[in-house]
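K.L.:
Residue numbers (this note's numbering): 1 to 243. C-beta: ideal position from N, C-alpha, C; glycine also. This structure is a prediction, so every number in the text was calculated from the model and none was measured. Mind having a look at this structure? Questions to follow.
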Amino acid sequence: MSLKSLALIENWPVPTAAAAVVRADGAVLGSHGPLDHRFALASVTKPLAAYAALVAYEEGAIELDEPAGPPGSTVRHLLAHTSGLAFDEHRVTAPPGERRLYSNAGFEVLGDHVAKATEIPFAEYVRQAVLEPLGMTSTEVEGSPAKDGVSTVGDLVRFAAEVQAPRLLDPRTVAEAMSVQYPGTKGVLPGYGHQNPNDWGLGFEIRGVKSPHWTGSSSSARTFGHFGQAGTFLWVDPVVGVG
1 MSLKSLALIE NWPVPTAAAA VVRADGAVLG SHGPLDHRFA LASVTKPLAA YAALVAYEEG
61 AIELDEPAGP PGSTVRHLLA HTSGLAFDEH RVTAPPGERR LYSNAGFEVL GDHVAKATEI
121 PFAEYVRQAV LEPLGMTSTE VEGSPAKDGV STVGDLVRFA AEVQAPRLLD PRTVAEAMSV
181 QYPGTKGVLP GYGHQNPNDW GLGFEIRGVK SPHWTGSSSS ARTFGHFGQA GTFLWVDPVV
241 GVG
């Protein structure tokens, strides 16, 4: 999002809208609306859940390529939406790694897997591993780790700075998370239909060559982040150096 586009939010037909542009060092270049207003994150919950799973990986509680979910599936498959699980049902619709099937169910399985491995309820693990260290005091991930988070723009600014200049994770882990997993995999991008390829990292959507796309036409192919059905978005363009 450019600084110019912040002004366009004035005309959005919603009761409350807020947004910000942030650099890797946490400096906010511009903002609009109440940064402390709590919004339902919907699927923007997933990057927070994914980041917590990556902390569990670095702590040695889980491995990315260990079995998780349906037969043949791994933690990596769940994070990359290639486990074969259906959108909102714990039902297998394809072999792992064959199609990009965006799956809330997959992230719920992921949360259960991390909770079992760490012996900590997943919502509490997200708080301890991600929210508390980043000072995201207005954020919580209760209920489904796929869609039930609540946060503020002010807190998401902290997270957007973190993924640009990681402090909680090894930068190599974050680089892997923002790299295309299972290149060439096709599938449906929610909101924009079938895409070939439909690039995703580990819990983060990657723009790649998708067109049309949530971020419009000016963002780079390396842009990553997530969309939410509640009208929530979190995008980082590493070429421009802002989120």
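1. Would you grab the beta carbon distance between LEU85 and VAL109 for me? Rounded to a whole angstrom, and I think it's under 8 Å.
2. May I ask you to report which of helix, strand or coil DSSP gives VAL239?
3. Using DSSP with H/G/I as helix, E/B as strand and the rest coil, what is HIS194?
4. Report back the beta-carbon spacing between LEU48 and VAL126 to the nearest angstrom; my notes put them in contact at under 8 Å.
5. Determine the DSSP secondary structure at PRO95, reduced to helix, strand or coil.
6. Considering only DSSP beta bridges, list what LEU85 is partnered with.
7. Rounded to the nearest angstrom, what separates PRO95 and THR223 at their Cα positions?
8. Considering only the beta carbon of each residue, do ARG91 and LYS186 sit closer than 8 Å?
9. Can you name the start and end residues of the beta strand (DSSP E) that PHE224 belongs to?
10. Could you pull out every unbroken beta strand (DSSP E) segment of at least 3 residues lying fully inside the stretch 129 to 214, listed in chain order?
11. On a Cα-Cα basis, can you pick out the residue from GLU162, TYR182, SER218 that is closest to ASP25?
P.N.:
Here's the rundown:
1. Start at 1 with the first residue of the sequence shown, and residue 85 comes out as number 85. Start at 1 with the first residue of the sequence shown, and residue 109 comes out as number 109. With a Cβ gap of about 7 Å, LEU85 and VAL109 count as contacting.
2. Here residue 239 corresponds to residue number 239 of the sequence shown, with the count starting at 1. DSSP places VAL239 in coil when its eight states are reduced to three.
3. Counting from one through the sequence shown, the residue named residue 194 turns up at place 194. Correct three-state label for HIS194: strand.
4. Working through the sequence shown from its first residue, we reach residue 48 at position 48. Working through the sequence shown from its first residue, we reach residue 126 at position 126. Right, their Cβ atoms sit about 6 Å apart.
5. Indexing the sequence shown from 1 puts residue 95 at position 95. If DSSP states are grouped into helix, strand and coil, PRO95 belongs with coil.
6. For the purposes of this step, residue 85 is taken as the residue at position 85 of the sequence shown. The partner list for LEU85 (beta bridge, DSSP) reads VAL92.
7. Here residue 95 refers to the residue found at position 95 when the sequence shown is read from its first residue. Here residue 223 refers to the residue found at position 223 when the sequence shown is read from its first residue. Rounded to whole angstroms, PRO95 to THR223 spans 28 Å at the Cα level.
8. For the purposes of this step, residue 91 is taken as the residue at position 91 of the sequence shown. For the purposes of this step, residue 186 is taken as the residue at position 186 of the sequence shown. Result no, Cβ atoms of ARG91 and LYS186 do not sit closer than 8 Å.
9. Here residue 224 refers to the residue found at position 224 when the sequence shown is read from its first residue. From DSSP, the beta strand (DSSP E) with PHE224 extends over 224 to 228.
10. 149 to 151, 187 to 189, 193 to 195
11. Translated into positions along the sequence shown, residue 25 becomes position 25. Among GLU162, TYR182, SER218, the Cα nearest to that of ASP25 belongs to GLU162.
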